[in-house]
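To convert a position in the sequence shown, counted from 1, into the working numbering, add 17.
Structure record follows, encoded as structure tokens.
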Amino acid sequence: MTEAPRAGSRYAAVVVLELLPAWLARSRAERNAATARLRPILDRYRDVRFRWFDADALGHGYTDFVICEFDDLERYQFLWDEIRDTEFFTLPLARIRHVMLGSEDGYRRFEAVRGA
Numbered sequence: 018m019t020e021a022p023r024a025g026s027r028y029a030a031v032v033v034l035e036l037l038p039a040w041l042a043r044s045r046a047e048r049n050a051a052t053a054r055l056r057p058i059l060d061r062y063r064d065v066r067f068r069w070f071d072a073d074a075l076g077h078g079y080t081d082f083v084i085c086e087f088d089d090l091e092r093y094q095f096l097w098d099e100i101r102d103t104e105f106f107t108l109p110l111a112r113i114r115h116v117m118l119g120s121e122d123g124y125r126r127f128e129a130v131r132g133a
């Protein structure tokens, strides 16, 4: 059995968040400062593409979501372990509502290994 090709294999996670009233009670300057404190963490995990989307006016049961794209599941996990240690989750200011994880073109890698 051959191993699936790694070139182009990527994973994505959609992390659905709910920012709590404690977050909204802060001034915009305080929110910006809290967000800026995430920058050093994100800089340590540049191999995890991290995109934050505001969805307050567009969804129900969530306020924001993050899309992470990565090749190494451990790096993704470590990124979130560090974020969970910040005030966003320790006070808390936010709650993770749901996580969806997928493998881009996973079926193609399966077929390559299976020989289909």
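Don't be surprised by glycine CBs; every beta carbon is placed ideally from N, CA and C.
Are there 16 or more other CB atoms within 10 angstroms of the CB of residue i, so buried, or fewer, so exposed?
{"i": "Tyr93", "result": "buried"}
{"i": "Trp69", "result": "exposed"}
{"i": "Leu108", "result": "exposed"}
Can the beta-carbon of residue i be found closer than 8 Å to that of residue j?
{"i": "Val116", "j": "Leu96", "result": "no"}
{"i": "Ile100", "j": "Leu55", "result": "yes"}
{"i": "Leu110", "j": "Ala53", "result": "no"}
{"i": "Glu121", "j": "Ala51", "result": "no"}
{"i": "Phe67", "j": "Leu75", "result": "no"}
Given residue i, which residues of its chain have a CB within under 6 Å of its CB, disregarding the five upstream and five downstream residues?
{"i": "Ala29", "result": "Glu86 and Gly119"}
{"i": "Val33", "result": "Tyr79, Phe82, Arg114 and His115"}
**Report entry** At least 3 beta-carbon pairs within less than 8 Å: the segment 42 to 49 vs the segment 73 to 83
**Finding:** Segment contact: the segment 42 to 49 against the segment 73 to 83, fewer than three CB-CB distances shorter than 8 Å; contact not assigned.
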